[in-house]
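Quick note: the sequence shown uses our numbering, first residue 58, plus one each step. Just so you know, even glycine gets a beta-carbon here, dropped at the ideal spot from N, CA and C. Working notes for the structure below.
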Amino acid sequence: MRHSSGHHHSAADSKSSQGSDWKVIRDLLPYLLEYKFRVAIALACLVAAKVANLGIPILMKQLIDALNIKADSPQVLLVVPAGLILAYGLLRMSASLFTELRESLFARVTQNAVRKVALQVFEHLHSLALSFHLARQTGGVSRDIERGTRGIQSLISYSLYSILPTLIEFCLVLGFLAYAYDIWFAAITLVALVLYIGFTVVVTEWRTHFRRTMNDMDSKANQKAIDSLLNFETVKYFGNEAFEASRYDQNLVRYQAAAVKSQKSLAVLNFGQQTIIAAGLVLILWRATLGVIDGSMTLGDLVLVNTLMIQLYIPLNFLGVIYREIKQALTDMDRMFSLLNTEKEISDAPNAKPLLISNQDRGPDIRFENVSFHYDAKREILKGVSFNIPAGTITAVVGQSGAGKSTLARLLFRFYDVQSGKILIDEQNIVDVTQSSLRKAIGIVPQDTVLFNDTIGYNIAYGNPSASIEEVYEAARAAQIDRFIQHLPDGYDTQVGERGLKLSGGEKQRVAIARTLLKKPAMLIFDEATSALDSKTERAFQEELLGLAKNRTTLIIAHRLSTIVHADQILVMDHGQIIERGTHAQLLSANGRYAEMWQMQERSTLD
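Encoded structure:
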C-alpha cells in the first residue's frame, strides 16, 4: 500500500510539473509573438537548413555510386563526380547560411523577450506591498530574476537550435527512408529513437530531483553569504566568523552531496543512451549490408543510411543535457513568473484620482479617524487611533518602543491598508487617491537611513532626479551637510559604499534630510530622524526643524523628547492607543506619562 501511495504522489507531481511547464510557455509566448514575421522567417530558414542537411548524405551516395561505375569515357568519370562535389559544397554552404540567418533573426526576438520580462518583473516587485519585501530575502529574489531571464535564453536556444531542428530532421529522415527504401529502415529508426527519448526523459526526470536540491542549496548558501557579508560588522563584534562559515558550509555540504548523486546518475544516462544508439546502428547496418549483398542496394546506399543515422544521433547525444536544461529553464522561469503573478496587496482603486493639496503654501490637513491595524491578527498594533494634524503644524508622537509610532508613518504612506477606520488628507481618503500622487506629496527621513551604493550627489538628487545641480547644493546647505561634503577629496562625487556604510550615522541622516528637502513635499515625516545625531548636532537640528517644517504639515516620531518641545501638538502612545495629547507645557503640567518620560530623560542627560 505504501508503494502505491508513493507512486500516486509521484504521478500527481509529474502532472503538476507538466501543467506548470505549459503555463510557463504560455506566459512566454506573447513576448515572442511581438515579432511574428521575424519568427516565421526564422522558422522557414530552419526548415531550409534541415532540407539542405538531408541533401548532403544523398549527394554523398550519388558521388560514391558515380565513382563505383565503369564508364567508357574518362570525361564522364570526371564531370559527374566534379558536379556532385560542387553541389555537395553548395549544400554545405546553404545549410550553414540558413542556420546563421535563423540565429541572427531570432537574436532580437530572444533579447527583446528577456528585456521585457525582466523589466516587467522589476517594476512589479516595486509595486508589491512592503510585507512582501520584508518576508523575502533580497538575495533570493534577485537570484530568481537572474535565473529566470537566463532560463528564457536557454529555453529559446535549446528549443529553436536543438529540439526543433532535430524533430524536423527526424521527420525528413523517416519519410525519406520509408520512401527510398523499405518500411523496416524507418521502423528501426523510429523504435530506436522512441526508446532513446523515453529512456532519456525517465532518467533525466530522476536526475532533476538532485538538480533541484543543488539549486535550493545554492540559493540558500547565496542568501546566507549575502546576509553575513551585509552584516560583517556585527559578525566581527561577536567574533562569529567561524560560526558564519559553519552555517554557510552546511548548505555547501548538502549541495556537494546532491552534486555527487547527480554525477553518478549522469553515468547511468550516458551508458544507456549509447547502448540504444549502438543497437539501432547495428540493426540498420545489418539490413543495409544484406541489401548490398543481394544487389537491392548499392554501396552508396549503405553509406547514406549509416550517415543519416549518425547525423540523427549526434544531436541526440546531448538530449539528456538539453532536456534537463529545458526543465531547469522552465523551473527557473516558473519561479520568476510566480513573482510576476504575485498579487498586489495594495492597489489603486479603479477610479483613483491624484491627491489634491488645497493649499501648497501651508501643506494639507491630516486626519486619522478611529484607525485600527495589525500586521498579525494575534497582535493589534493600533487600536482605534484618532487625531488631527492641522495644515502647516508640527505634531510629534512619543512612546515606548513597540507602541505603534512608526506604524503611523507606514500607514500614511499606504504601505499597508488599515483594518478599520480611515486616513484623510485634505478630506480625501488615501485609499481613493493614486499611490504615486500620495507618496510624491510626502517626504520622510527614516530612522534607519539606507543609501544607494553611489555618490553623495546621486543620493541627494534621488529626492528629485530631474533637479539641477544648484538645487542639489541648496538642499545640502539646508540640511547642513554642504560644508562636510566640500571638505571631502571627491566632494559630491564621493562614493558612500553599500548601504552608505562609508558615512557615519549622522552624515547619512543629513544626506537623507537633504534628499527629502529636494523632493519639496507638502508633508514631512521624521521617524526618529535624530537618533544617529550627537547632542550638538541635535540641538542645531532642533533650531532648523522649525524652518524645515515651515509651510509643511509635519509628523515627528521621536524618542528624544528634547527635539519636540516646540511641536504644536504632542501625542503620547502606549500599546497602540493615544493616552495623552497636548503641547509640551500642557503635558508637563498634567504630570502624566509624558512628564514621567521627560524626567527620566532629563536625569539620564545629567548623568
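Exposure label - residue i; buried when at least 16 CB within 10 Å
| i | result |
| --- | --- |
| V490 | buried |
| C228 | exposed |
| N608 | exposed |
| V442 | buried |
| N110 | buried |
| L234 | buried |
| I582 | buried |
| A466 | buried |
| Y549 | buried |
| Q385 | buried |
| I438 | buried |
| M390 | buried |
| G232 | exposed |
| S211 | buried |
| V251 | exposed |
| M366 | buried |
| V455 | buried |
| F328 | exposed |
| P578 | buried |
| I542 | buried |
| H66 | Reliability fails at H66, whose pLDDT of 43 lies under 50, so the model's placement of it is uncertain and no value is given. |
Residue range of the beta strand (DSSP E) that includes residue i
| i | result |
| --- | --- |
| N427 | I423 to F430 |
| L581 | M580 to D584 |
| A453 | I451 to G456 |
| M630 | Q626 to D631 |
| R638 | Q634 to G639 |
| I614 | T610 to I614 |
Under 8 Å between C-beta atoms of residue i and residue j
| i | j | result |
| --- | --- | --- |
| L124 | L148 | no |
| E555 | N510 | yes |
| V174 | V96 | no |
| Q576 | G520 | Residue identity check: residue 576 is Lys in the sequence provided, not Gln. In contact: K576 and G520 (Cβ atoms closer than 8 Å). |
| G478 | V428 | yes |
| A315 | F256 | no |
| Q476 | F430 | yes |
| I423 | I613 | no |
| L323 | R264 | yes |
| D273 | R392 | no |
| I245 | L340 | yes |
| D78 | F394 | no |
| I225 | K107 | yes |
| D483 | L413 | yes |
For residue i, the residue or residues it bridges with in DSSP
| i | result |
| --- | --- |
| S477 | S429 |
| R436 | D433 |
| V251 | According to DSSP, V251 bridges with nothing at all. |
| I501 | I582 |
| V490 | K410 |
| Q368 | None; Q368 has no bridge partner. |
| I446 | I423 |
| Q485 | I482 |
Residue from the options with nearest C-alpha to residue i
| i | options | result |
| --- | --- | --- |
| W241 | S619, I542, G337 and D275 | G337 |
| K401 | K80, D474 and G649 | D474 |
| S494 | V568, L185, F470 and A152 | F470 |
| F189 | L558, Q543 and T399 | T399 |
| R617 | E585, I635, L347 and G604 | E585 |
| R572 | A536, P546 and L560 | A536 |
| A249 | E298, R638, Q119 and L373 | L373 |
| T611 | M580, A335, F425 and S561 | M580 |
| D275 | G146, N308, W263 and G296 | N308 |
| D122 | L85, K93, R419 and L356 | L356 |
| N445 | R638, K293, R311 and L176 | R638 |
| S151 | I113, N169, R172 and V171 | I113 |
| L672 | P522, V260 and G461 | Lying outside 58 to 664, the shown extent of the chain, residue 672 is not represented and no answer is given. |
| P447 | Q656, E160 and A606 | A606 |
Residue i: first and last residue of the uninterrupted alpha helix (DSSP H) it sits in
| i | result |
| --- | --- |
| Q543 | D539 to Q543 |
| T464 | K462 to L469 |
| T346 | E298 to D351 |
| A99 | K93 to L124 |
| M354 | Segment: none, M354 is in no alpha helix (DSSP H) and carries neither H nor E. |
| D511 | Segment: none, D511 is in no alpha helix (DSSP H) and carries neither H nor E. |
| A533 | I526 to A535 |
| P222 | L221 to A237 |
| E290 | F289 to Y294 |
| K577 | Run containing K577: none; DSSP gives neither H nor E here. |
| V553 | From DSSP, V553 is part of no alpha helix (DSSP H); its letter is neither H nor E. |
| F394 | L376 to L397 |
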